[in-house]
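Visitor: The sequence shown begins at 0 in numbering that gives the first Met the number 0 and counts up one residue at a time. Glycine is no exception: its CB is placed at the ideal position from the N, C-alpha and C atoms. Bear in mind the structure is a predicted one, so any value in this text is a computation, not a measurement.
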Amino acid sequence: MNFIMKAAAASLATIVALSAPASAELTGELKINLDTSNPAPRATMEAMISRFQALNPELNITTTVIDREAYKTQIRNFLSADAPDVLTWYAANRMKPYVEAGLFEDVSDLWAEPAIAGSLASTKGALTLDGKQWGVPYSYYQIGVYYRQDIYEELGLSEPADFNEMLANCEAMIASGRKCYTIGTKWLWTAAAWFDYINMRTHGFDFQMEMARGEVKWTDPRVYETFENWGKLVRMGAFIDDHQNKDWQQSLPFVVNGEAGAILLGNFTVSPLREAGLTDDQLDFHQFPPITPGVALSEAAPTDSFHIAANAQNKENARAFLRYLVSPAEQTIINNGANLTQLPVNSAAAVDDDKFLKQGFEMLSTNSPGGVSQFFDRDFPAEIAQAAMEGMQEFMVFPDNLDDVLERIEAVREDSY
């Protein structure tokens, strides 16, 4: 869907002018492609672009919004054939194919500017390949267990202090006629969240990164141990039935209706759960509990990013847009509880007074000594990620197929590295 963003109301322009980075008004064109097709992210991005438009009324901005899953299959084609000026994508390994193909612009010059170099320092590594920066982050978020606090209280359950308590809570949930966790593995990455956490809690962050670099066989006994821990939940019936035919949005009603007690997902799940009627008294959050004693807790905190296409026609306008969206004022606005409900990447931005953002900020800043990963399909090469996530989905439906699953993934690993 294409639309032209025109000048916003004068009051909006006044608000933005007071807080935005000072710059000369832009003219010409700016083409933006977005994968933020879900309602809350889309509204957030469109409002942010409107504020930028208000500062630059002579700039003609064309924005194209593409369904997130379709975007993943179309990105290479549009970068090659009809490139936008700026586009949304993901940091770390997920941007690597487009960097190596010469489809993303080197924006190291932006990262040399003091306002960006100092305020975004914590995320620089995620946007760096071969010593250069290839985009800017606009948001990141915690992943963890969002659970029905009222149901836990009804059953006399507490947030689990370790994996054994997590399993015991699950047994109580099943005994009450509920499932422990909802999940929709039609989009395979939802299963990968479980692998990330169980693997990092079993063996630690360094082991996960060794796997991502192809240094560990998928048939290694340690990988089997990870799946054996996961299998304890699978075999007890912890997950909703038929999850392989549901996407993550279709899995949410099970939590809303009380048919499942919790979901392991990113903080983006909060807005739709609230919109479906759950209150903050009903919904709460906890960090994935320890499994192996002594293994430092690590988290997955995916970083969403904007990039400039190498074939862009309006690169200076694109750079101005990137400067704008990472400014403290915009970072505060777009990540607050009324918008993305995520964490700002600019250290000078304010964290919104939102229950879940506060919990996520505390977890990532003080309770994650083991390290922070990007997420399975962002840390692992695409061909490995695809094969592995297909195998994870199969394992969750047919856990007795584990040997075949791991041997197939290992064959892909051997061909890929």
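What does DSSP give as the partner residues of Ile408 in its beta bridges?
Guide: Paired residues: none, contrary to the question.
Visitor: How would you write the range of the alpha helix (DSSP H) that Ala317 sits in, first residue to last?
Guide: It spans 314–324 - the alpha helix (DSSP H) in which Ala317 sits, taken as one unbroken run.
Visitor: How about the stretch 263–275 and the stretch 131–151: do they share at least three Cβ pairs that are nearer than 8 Å?
Guide: The answer is yes - the stretch 131–151 touches the stretch 263–275, with three or more Cβ pairs under 8 Å.
Visitor: According to DSSP, is Ile65 helix, strand or coil?
Guide: Three-state result, Ile65: coil.
Visitor: Tell me the residue span of the beta strand (DSSP E) that contains Val371.
Guide: Residues 370–372.
Visitor: State buried or exposed for Leu405, treating a residue as buried only when at least 16 other CB atoms are found within 10 Å of its CB.
Guide: It counts as buried.
Visitor: Please classify Thr35: is it buried, with 16 or more other beta-carbons within 10 angstroms of its beta-carbon, or exposed?
Guide: The residue is buried, with at least 16 neighbouring Cβ atoms inside 10 Å.
Visitor: Please report the Cβ distance between Asp105 and Lys131, rounded to the nearest whole angstrom; I am assuming they are in contact, meaning their Cβ atoms lie under 8 Å.
Guide: With 8 Å as the limit, Asp105 and Lys131 qualify as a contact, their Cβ atoms being about 5 Å apart.
Visitor: Go through its chain and collect everything with a Cβ distance to Thr26's Cβ below 7 Å, but skip five positions before and after it.
Guide: Glu57, Leu58, listed in sequence order.
Visitor: Do Met388 and Leu187 have their CB atoms nearer than 9 Å?
Guide: Yes, these two residues count as a Cβ contact at 9 Å.
Visitor: Return the first residue and the last residue of the alpha helix (DSSP H) that Pro136 is part of.
Guide: Taken as a continuous stretch (DSSP letters only), Pro136 belongs to no alpha helix (DSSP H), being part of the beta strand (DSSP E) at 135–139.
Visitor: If we call anything under 9 Å between Cβ atoms a contact, is Leu109 one with Val135?
Guide: Taking 9 Å as the Cβ cut-off, Leu109 and Val135 qualify as a contacting pair.
Visitor: Within 10 angstroms of its Cβ, does Thr225 collect 16 or more other Cβ (buried), or is it exposed?
Guide: The residue is buried, with at least 16 neighbouring Cβ atoms inside 10 Å.
Visitor: Distance check for Asp402 and Asn334, CA to CA, integer angstroms please.
Guide: Rounded to whole angstroms, Asn334 to Asp402 spans 43 Å at the Cα level.
Visitor: With a threshold of 8 Å, are at least 3 pairs of Cβ atoms found where one atom belongs to the stretch 346–366 and the other to the stretch 63–73?
Guide: No, the stretch 346–366 does not touch the stretch 63–73.
Visitor: Which same chain residues, not among the five before or five after Val396, have their C-beta less than 6 Å away from its C-beta?
Guide: Taken in chain order, the residues that qualify are Gln243.
Visitor: Which term fits Thr72, buried or exposed, when burial requires 16 or more other beta carbons within 10 angstroms of its beta carbon?
Guide: Exposed, because fewer than 16 other Cβ atoms sit within 10 Å of the Cβ of Thr72.
Visitor: Is it buried or exposed, Asp378, if we count other Cβ atoms within 10 angstroms and call 16 or more buried?
Guide: Buried is the call here.
Visitor: Do you know how far the Cα of Thr127 is from the Cα of Glu112?
Guide: Whole-angstrom Cα-Cα distance: 16 Å.
Visitor: For Arg147, list the residues DSSP reports as bridge partners.
Guide: Partner(s): Leu282.
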